[in-house]
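Reviewing the structure listed below.
Protein chains: 2
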Amino acid sequence: MQRGAVIDSLPMDRNSSLYESVRDHYLFAGLDEDHFDRLAVEMKVKSLEQGNILFHRGDRADSFYYVDGGLIELSLISATGDKKTLEVVHPGRTFGEAVTFMQEARYPVNAEALQPSQLCEIPNRVYLDLLKTNRDACMRLIADLSRHLHARVREIENLSIQNARYRLASYIMDHIVERRGGDQATASLELPRHVIASRLSIKPETLSRLLRSLVDEGIVSIEDRVVFIHSLDRLRLYD
Amino acid sequence: MQRGAVIDSLPMDRNSSLYESVRDHYLFAGLDEDHFDRLAVEMKVKSLEQGNILFHRGDRADSFYYVDGGLIELSLISATGDKKTLEVVHPGRTFGEAVTFMQEARYPVNAEALQPSQLCEIPNRVYLDLLKTNRDACMRLIADLSRHLHARVREIENLSIQNARYRLASYIMDHIVERRGGDQATASLELPRHVIASRLSIKPETLSRLLRSLVDEGIVSIEDRVVFIHSLDRLRLYD
DNA sequence: GTTACGCCTTGATCCAGATCAAGGACACCC
DNA sequence: GGGTGTCCTTGATCTGGATCAAGGCGTAAC
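Below you can see the structure in the form of structure tokens.
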């Protein structure tokens, strides 16, 4: 897997689809075109190859990012080298904005491309300027931070008072792509097993065994990355 | 232990020390007296006895709180009744403000008085009004939320990639009240053991055993709630 | 005094998930 | 075809922390 620095960083093209996408993101909602344009000239486009590391934990946080394509993994690494995936950021979402607004801000996580990815880099100072003049933007950021915080509390809950089986069942149910009838559904596990395992704070071996036991108990069947859920009720109670 | 509703809720006296304390809190910093007064008339004073529950997870979050005296435990409870203490809020600090600013806000945690406690209840709508007219207040809240988020990320890190020994060592070092010489210190564990255990996501029995092993290895000695650290270096590496 | 209750410790045992080790099953390359 | 690399699974074993059970100790009530 290729590691190392970002391979590419360019000004953002005013006529690109990326430009449109960022403008439509809720953090920039309600800006007139001129205003957004003034911000947009400061933004940069970055392309990452799979395995590229965008930033490490502890790096100065001067920018946050909008994901236009690909997947970005936010992770923690222990002294012994174990990795915990906190979150995998999908296209259409931002990351790093939460940490932006502290003095001496440093990223609390590592960010790595799980796939070839296209990002828009938004310097903190640009968004700070927006916040100074735009009360709605402030309120949207505050709501955004509240949501993030809530998600982290749920993660702590999962880790401290739920077991691995429950976390896996939740993960599968969070990735349902199609419901069929009252009690059946299809879920899609698009990520490599080791990433899912890290996201669930278990080892790949354990994930494999838990999936197998779900199959053995007839609760789901699995074909590669697709999970056919035969009983949502039983999956919900799997514990 | 006494459970149940709050016993007391009164208007806030303009001449009380509580009034002064809230006005000095950073979330209200920089307000002129008139402005703060207009907010303050909406605030209420609450007194809780030990064991009183201020709110449950899932309750509508209409207010947040400033702790003037006592200790408030924020916790999660699993389906099987296990409790996880997320945080113990000390005097001079607020809690619940993070969740306030979402539509349909509900508390993500339970709040219970660990000791007889005095609180100031601040209706969300009051602070929202302040945010609308005061850009500095917005920025302070944003910084506040960022800090909370950062703390939660650290908690997730502790839970997922650190073991109980490490968490205990960190906890002790976070409660140092006096350093003596380069490598020695005194820490004070003011909370009951079962609360500390829950904070560390372990059982009281395990906490007891871990403390004992710290003593047996000569790293600390313990007298009731005071821990004498004989070697900070060894405590840091205890793992 | 003694009874009782909360809070903590200690010991014995158990178990979820980690670790160590060994294969598959593919894809890609020569 | 035969290597060789990556990803995943399976089996055997280990272990950190939980659970179950039994005191110990302080203190409040009578």
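The listed protein sequences correspond, in order, to chains A and B.
FYI, in this note's numbering the residues of the first sequence are 308 to 546.
FYI, in this note's numbering the residues of the second sequence are 308 to 546.
From the three backbone atoms N, C-alpha and C, an ideal C-beta is built for every residue, glycine too.
Requested in this report: With distances taken Cα to Cα, identify the nearest neighbour of Ala347(A) among Leu355(A), Glu356(A) and Tyr372(A).
Outcome: By one-based count along the first sequence, residue 347(A) stands at place 40. It is Tyr372(A).
Query raised in the report: By how many angstroms is the C-alpha of Glu524(A) removed from the C-alpha of Ala504(B)?
Result: In the second sequence, counting from the first residue as 1, residue 504(B) sits at position 197. In the first sequence, counting from the first residue as 1, residue 524(A) sits at position 217. Approximately 36 angstroms between the Cα atoms of the pair.
**Report entry** Where Lys391(B) falls, given that 16 or more other Cβ within 10 Å makes a residue buried
**Finding:** Locating residue 391(B) in the second sequence gives position 84, where the first residue counts as 1. Per the 10 Å Cβ criterion, buried.
Query raised in the report: Using the beta-carbon of each residue, which ones in chain A are nearer than 7 angstroms to Ser477(B)?
Result: Here residue 477(B) corresponds to residue number 170 of the second sequence, with the count starting at 1. Within chain A, no residue comes near Ser477(B); the closest Cβ sits about 13 angstroms away, beyond 7 angstroms.
Query - Proximal chain B residues relative to Phe408(A), where beta-carbon distance stays under 8 angstroms - result: Position 101 of the first sequence, counted from the start, is the residue given in the question as residue 408(A). Ordered by position in chain B, the residues that pass the 8 angstroms Cβ test against Phe408(A) are Met446, Ile449, Ala450 and Ser453.
Requested in this report: Helix, strand or coil for Arg486(A), going by three-state DSSP, please let me know.
Outcome: In the first sequence, counting from the first residue as 1, residue 486(A) sits at position 179. In the structure shown, Arg486(A) sits in a strand (DSSP, three-state: E or B).
**Report entry** Sequence-distant residues of its chain with Cβ nearer than 6 angstroms to Phe362(B) (five each side left out)
**Finding:** As a working mapping, residue 362(B) is identified with position 55 in the second sequence. Closer than 6 angstroms at Cβ, skipping near neighbours: Tyr414 and Ala418.
Query - Straight-line Cα distance separating Pro511(B) from Val533(B) - result: Residue numbering aside, residue 533(B) sits at position 226 when the second sequence is read from its first letter. Residue numbering aside, residue 511(B) sits at position 204 when the second sequence is read from its first letter. Straight-line Cα distance between these residues: approximately 17 angstroms.
Query raised in the report: Which residue from Asp490(B), Val460(B) and Phe335(B) puts its Cα closest to that of Cys445(B)?
Result: If you number the second sequence from 1, residue 445(B) lands on position 138. Cys445(B) has its Cα closest to that of Phe335(B), out of Asp490(B), Val460(B) and Phe335(B).
Report task. Decide if the region 315 to 327 of chain A is in contact with the region 337 to 352 of chain A; the criterion is three or more beta carbon pairs, one per stretch, under 8 angstroms apart. Result -> yes
Query raised in the report: Is Gln422(A) closer than 9 angstroms to Leu378(A) when the C-beta atoms are compared?
Result: Taking the first residue of the first sequence as 1, we reach residue 378(A) at position 71. Taking the first residue of the first sequence as 1, we reach residue 422(A) at position 115. Closer than 9 angstroms, so yes.
Query raised in the report: By the criterion of Cβ-Cβ separation under 7 angstroms, what are the contact partners of Ala405(A) in chain B?
Result: The residue you call residue 405(A) lines up with position 98 of the first sequence. Correct list: Ser453 and Leu456.
Query raised in the report: In chain A, what lies closer than 8 angstroms to Val416(B) by C-beta?
Result: Here residue 416(B) corresponds to residue number 109 of the second sequence, with the count starting at 1. In chain order: Val460.
Query raised in the report: Taking just the CA atoms, how far does Ser528(A) sit from Tyr333(A)?
Result: As a position in the first sequence, residue 333(A) is number 26, starting the count at 1. As a position in the first sequence, residue 528(A) is number 221, starting the count at 1. Answer to the nearest angstrom: the Cα atoms are 38 angstroms apart.
Query - chain A contacts made by the region 358 to 384 of chain B, where a contact means CB separation under 8 angstroms - result: Leu383 and Ile384
Report task. List the DSSP bridge partners of Pro430(A). Result -> As a position in the first sequence, residue 430(A) is number 123, starting the count at 1. Partner(s): Ser370(A).
Query raised in the report: Would you say Asp277(A) faces chain B, with C-beta separation under 9 angstroms as the test?
Result: Only positions 308 to 546 of chain A appear in this structure, which leaves residue 277(A) out of reach.
**Report entry** Counted within 10 angstroms of its Cβ, other Cβ atoms place Gly403(A) as buried (16 or more) or exposed
**Finding:** For the purposes of this step, residue 403(A) is taken as residue 96 along the first sequence, with counting starting at 1. Per the 10 Å Cβ criterion, buried.
Report task. Give a yes or no on whether the minimum CB-CB distance between Glu497(A) and chain B is below 9 angstroms. Result -> Taking the first residue of the first sequence as 1, we reach residue 497(A) at position 190. It does not; no Cβ of chain B falls within 9 angstroms.
Query raised in the report: For Ala492(A), which option in Ile509(A), Tyr326(A), Ile526(A) and Leu498(A) has the closest C-alpha, if you only look at C-alpha atoms?
Result: Walking along the first sequence from the start, residue 492(A) turns up at place 185. Cα-wise, what sits closest to Ala492(A) is Ile526(A).
Query raised in the report: Buried or exposed: which applies to Asp451(A), given that a residue is buried once 16 or more other Cβ atoms fall within 10 Å of its Cβ?
Result: One-based indexing of the first sequence puts residue 451(A) at position 144. Asp451(A) comes out buried.
Requested in this report: Following the continuous beta strand (DSSP E) through Phe362(B), name the residue where it begins and the one where it ends.
Outcome: On the second sequence, residue 362(B) is found 55 positions in, with the first residue counted as 1. Counting along the chain, the beta strand (DSSP E) containing Phe362(B) begins and ends at Ile360 to Phe362.
Requested in this report: Could you name the residues of chain B that Ile526(A) contacts, counting a contact when the two beta carbons are closer than 7 angstroms?
Outcome: For the purposes of this step, residue 526(A) is taken as the residue at position 219 of the first sequence. Simply none; closest approach about 19 angstroms.
Query raised in the report: Quick one: Cα of Thr440(B) to Cα of His342(B), how far?
Result: Taking the second sequence and counting its residues from 1, the one referred to as residue 440(B) is at position 133. Taking the second sequence and counting its residues from 1, the one referred to as residue 342(B) is at position 35. Whole-angstrom Cα-Cα distance: 11 angstroms.
Query - Buried or exposed by the 16-neighbour rule on C-beta atoms within 10 Å, applied to Asn465(A) - result: Here the question's residue 465(A) lines up with position 158 in the first sequence. It is buried - the Cβ of Asn465(A) has at least 16 other Cβ atoms within 10 Å.
Report task. Establish whether the CB of Arg442(B) and some CB of chain A are separated by less than 9 angstroms. Result -> Here residue 442(B) corresponds to residue number 135 of the second sequence, with the count starting at 1. Chain A, which has a Cβ nearer than 9 angstroms to the Cβ of Arg442(B), makes this yes.
Query raised in the report: Around the Cβ of His501(B), are there at least 16 other Cβ atoms within 10 angstroms (buried) or fewer (exposed)?
Result: If you number the second sequence from 1, residue 501(B) lands on position 194. With fewer than 16 Cβ atoms within 10 Å of its Cβ, His501(B) is classed as exposed.
Requested in this report: Classify Gln309(B) as buried or exposed, calling it buried when 16 or more other Cβ atoms lie within 10 Å of its own Cβ.
Outcome: Counted from its first residue, the second sequence places residue 309(B) at position 2. Since pLDDT at Gln309(B) reaches only 43, below the 50 mark, its modelled position is unreliable, and the value read off the structure follows with that caveat. Flag for Gln309(B) reads exposed.
Requested in this report: Could you check how far apart the C-beta atoms of Arg459(B) and Ile463(A) are, in whole angstroms? I think they sit under 8 angstroms.
Outcome: For the purposes of this step, residue 459(B) is taken as the residue at position 152 of the second sequence. For the purposes of this step, residue 463(A) is taken as the residue at position 156 of the first sequence. That pair is a contact at about 6 angstroms.
Requested in this report: Taking the CB atoms as reference points, tell me whether Leu438(A) and Leu475(A) lie closer together than 9 angstroms.
Outcome: Looking up residue 438(A) in the first sequence gives position 131. Looking up residue 475(A) in the first sequence gives position 168. No. Outside cutoff.
Requested in this report: From the DSSP output, in three-state form, read off Pro511(B) for me.
Outcome: Numbered from its first residue, the second sequence carries residue 511(B) at position 204. Three-state DSSP puts Pro511(B) in a helix.
Query raised in the report: With which residues is Val533(A) paired in a DSSP beta bridge?
Result: Numbered from its first residue, the first sequence carries residue 533(A) at position 226. DSSP lists Ser495(A) and Glu530(A) as partners of Val533(A).
**Report entry** Between the CA atoms of Gln469(A) and Asp331(B) - distance to the nearest angstrom
**Finding:** To locate residue 331(B), count along the second sequence from 1; it is residue 24. To locate residue 469(A), count along the first sequence from 1; it is residue 162. Cα-Cα distance, rounded: 40 angstroms.
Query raised in the report: Are the Cβ atoms of Arg506(A) and Leu498(A) separated by less than 9 angstroms?
Result: Walking along the first sequence from the start, residue 506(A) turns up at place 199. Walking along the first sequence from the start, residue 498(A) turns up at place 191. Result yes, Cβ atoms of Arg506(A) and Leu498(A) sit closer than 9 angstroms.
Query raised in the report: Using a Cβ cut-off of 7 angstroms, which residues of the region 482 to 513 of chain B contact any Cβ in chain A, in chain order?
Result: Ser508
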